[in-house]
Amino acid sequence: MPDRAQILADLTARVAELESERELTLRLAQTDSLTGLVNRGAFTAALCERLEAARARDGRLALFVVDLDRFKHLNDTLGHHAGDLFLAEVGERLLADAGPTELVARLGGDEFALISDDPDTARRADRLVAALTQPHAIYGRQVSPGASVGVAVFPDDAPDAGDLQRFADMALYRVKLQGGRRWSAFDAELRAENQHRRTLEAELRRAIPAGEIEPWFQPVVDSADGRIVGVEVLARWRHPEHGLMLPGAFVPIAEELDLIGRIDEAVFDAGCAYAAPWVEEGLIQAVSFNVSPRDLMDPSFSRKLIGRLAKTDLPATALTVEITETFLLRDLALSRRHIERLSAKGIRIALDDFGTGYSNLRALMHLPIQTVKLDRSLICDVAKDARVGKLVGSMLYAARSLGVRIVAEGVEEEAQAILLRAAGCERMQGYWFARPMPADQMADRLRESKAAAPRVFAEERPLRRARA
Ligand code: C2E
Ligand code: CA
Ligand code: CA
-6 MPDRAQILAD LTARVAELES ERELTLRLAQ TDSLTGLVNR GAFTAALCER LEAARARDGR
54 LALFVVDLDR FKHLNDTLGH HAGDLFLAEV GERLLADAGP TELVARLGGD EFALISDDPD
114 TARRADRLVA ALTQPHAIYG RQVSPGASVG VAVFPDDAPD AGDLQRFADM ALYRVKLQGG
174 RRWSAFDAEL RAENQHRRTL EAELRRAIPA GEIEPWFQPV VDSADGRIVG VEVLARWRHP
234 EHGLMLPGAF VPIAEELDLI GRIDEAVFDA GCAYAAPWVE EGLIQAVSFN VSPRDLMDPS
294 FSRKLIGRLA KTDLPATALT VEITETFLLR DLALSRRHIE RLSAKGIRIA LDDFGTGYSN
354 LRALMHLPIQ TVKLDRSLIC DVAKDARVGK LVGSMLYAAR SLGVRIVAEG VEEEAQAILL
414 RAAGCERMQG YWFARPMPAD QMADRLRESK AAAPRVFAEE RPLRRARA
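Our numbering puts the first residue of the sequence shown at -6, with every later residue one more than the last.
Pasting the structure below:
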């Protein structure tokens, strides 16, 4: 029989073992496995703790958020392994450069952060950018993607961790827009922008249930004779003070605030209510709606949309959902699930803004996508630049051979329309035919065009605008 002392000793040893195991698990849970740096979760906790401490001693604390420039390019050209090596190297550099009281973290992807009590923020930021701009050899090649840095300071800029992070991110975003390879601090300009967004946020939350978001309609015409065959529904915000606002002024912020889903639903419900009778009367055959990539990340998106459609009078076969390529590539499995679920109901899928991203016609072969919308940026040069003309011509050719219909967007001049029609583009949309308009005008326009007898167009004859 082991004596009591033996049992106690064993027990103590076992407890110590368990504790070190737990410590290890805990450490692993807080560590980024690639770089060995603190990960995002642990970073947020550490930031709160350090802010508490700084507050207690009336101290200052600077938060630097770092984003590598052109990291994606490096990953794409040298491969993921090289990308990983580079990230690990960046982690090492940041760590080597950090003082004993500073904290370095990897927030994910090519994003890093530094919490510093260095009183000279500008000098510290210079050092940070310099450290990351040094070239580095990977597979015998010199690479220096460079880095952008955004800075916000407690308590001068922000009183808490949430604002501090947001403000540093805003500063970072601005540097990125300006080309990167620099640092930028949160300042009066960004503070004003933040204030503006705050106001907009409050107003947007109120506007959605108040019915201020309304659907407008832009005709899609048949290239053969210029007749309206469908409409694209576009969101407008009828703001009580600022008047009519375009999506560019509120869609990005709605996406950021996770309000875009509610906007898209409001536009969808109202848009269907207006357009279903037009389809029923045979005035148009197709109604297109835009969905945000953000909506599509929701695994139940397609099921919800089908449910909403069932509550309207619009037949599924008249509905087109416009999605962007960026989303397709972000999560191919989820995209496929949504697209197949919608297609099974007879809903059509259009790939929007084609020609701006990766323009992967191949993706189309493997997905039930029937329509591609050629982006305005291509169309606007189609008649001016022979190379663009050729490119669009070959895109049209490829699409046709895949059985995909092309809609040219942003047709503003007759010359473009004629060229596109000659190249075999079947559908067009743009200011030259008609601008987006409210529902009552659209209804008048459609009824007018029905009353007039359709004319057949000779190939060399100019296209008429969107009226019969
Ligand atoms: P989009 O889907 O590419 O829509 C086409 C945009 O081009 C519309 O801008 C339209 O007014 C504009 N446009 C059409 N023809 C021409 C032309 O000939 N020349 C020029 N310069 N522009 C033309 P809009 O209405 O400002 O919408 C901008 C973007 O906002 C849309 O781009 C779409 O991505 C997004 N959006 C619009 N409505 C919604 C919505 O209900 N939900 C979501 N998630 N996004 C929406
Ligand atoms: Ca669209
Ligand atoms: Ca588009």
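Here a beta-carbon is modelled for each residue, glycine too, at the ideal position from N, C-alpha and C.
Note that the structure is predicted; figures quoted are calculated from it, not measured.
Which residues end up in the neighbourhood of ligand 2 when you take C-beta atoms closer than 7 Å to any of its heavy atoms?
Glu225, Ser281, Asn283, Glu315, Asp345 and Lys366
Boundaries (first-last residue) of the alpha helix (DSSP H) holding tryptophan 325:
Rather than tryptophan, the amino acid found at residue 325 in this sequence is leucine. Segment 325 to 337, the alpha helix (DSSP H) holding leucine 325.
I'd like to confirm something about glutamate 318: is its beta-carbon nearer than 7 Å to some heavy atom of ligand 3, or not?
no
Limits of the unbroken beta strand (DSSP E) element including leucine 367
364 to 367
Between Leu439, Gly236, Leu56 and Pro240, which has its C-alpha nearest isoleucine 221's C-alpha?
Leu439
Expressed to the nearest angstrom, what Euclidean distance is found between the alpha-carbon atoms of glycine 264 and valine 226?
7 Å
Rounded to whole angstroms, how far is the Cβ of aspartate 110 from the Cβ of threonine 94, which I believe are closer than 8 Å?
6 Å
Taking only heavy atoms of ligand 3 into account, decide whether any of them is closer than 7 Å to the Cβ of aspartate 368.
yes
Am I right that phenylalanine 347 and aspartate 368 are in contact with their C-beta atoms under 8 Å? What's the rounded C-beta distance?
6 Å
Is glutamate 234 close to ligand 3? I mean its beta-carbon at under 7 Å from any heavy atom of the ligand.
no
Which first and last residues belong to the beta strand (DSSP E) in which glycine 101 is found?
96 to 101
DSSP state of aspartate 262, grouped into three classes?
helix
Alpha carbon to alpha carbon, how far is valine 97 from alanine 35? Give it in angstroms, no decimals.
11 Å
Indicate the three-state DSSP secondary structure (helix, strand or coil) for threonine 349 in the structure shown.
coil
The beta strand (DSSP E) with methionine 238 in it runs from where to where?
236 to 238
Of the choices Arg428, Thr349 and Ala311, whose alpha-carbon is the least far from that of glutamate 406?
Arg428
Please say whether alanine 115 and leucine 27 have beta carbons closer to each other than 8 Å?
no
Would you say leucine 45 touches ligand 3, meaning its beta carbon is less than 7 Å from a heavy atom?
What sits at residue 45 in the sequence shown is glutamate, not leucine. Incorrect: glutamate 45 has no Cβ contact closer than 7 Å to ligand 3.
DSSP three-state call for valine 146: helix, strand or coil?
strand
For arginine 229, which of helix, strand or coil comes out of DSSP?
strand
I'd like the span of the alpha helix (DSSP H) that includes phenylalanine 160, first residue to last.
154 to 170
Along the beta strand (DSSP E) that carries asparagine 283, what are the first and last residues, could you check?
279 to 283
If you check the beta carbons only, do isoleucine 372 and alanine 401 fall under 8 Å apart?
yes
My assumption, with CB atoms under 8 Å, is that methionine 421 sits in contact with serine 141. Please give the rounded CB distance.
Rounded, the Cβ-Cβ distance is 40 Å, inconsistent with contact.
When you compare the CB positions of phenylalanine 57 and leucine 107, do they come within less than 8 Å of one another, or not?
yes
Starting from glutamine 409, trace the alpha helix (DSSP H) in both directions and tell me its first and last residue.
407 to 415
Strand pairing of serine 109, partner residues [DSSP]
Ala55
Proximity of isoleucine 206 and valine 260 at Cβ, strictly below 8 Å
yes
Just how far apart, CA to CA, sit methionine 163 and aspartate 218?
49 Å
May I ask you to list the residues that DSSP assigns as paired with tryptophan 176?
Val142
Can you check DSSP and say which residues form a bridge with methionine 421?
Val214 and Ala401
What did DSSP end up calling methionine 430 once you bin it into helix, strand or coil?
strand
Taking a contact to mean a Cβ-Cβ separation below 8 Å, would you say alanine 161 touches phenylalanine 147 in this structure?
no
Does DSSP put aspartate 60 in a helix, a strand or coil?
strand
Just verifying my parser: in three-state terms, what is the DSSP assignment at isoleucine 246?
helix
Cβ contact check for the segment 330 to 349 and the segment 306 to 319: 3 or more pairs under 8 Å:
yes
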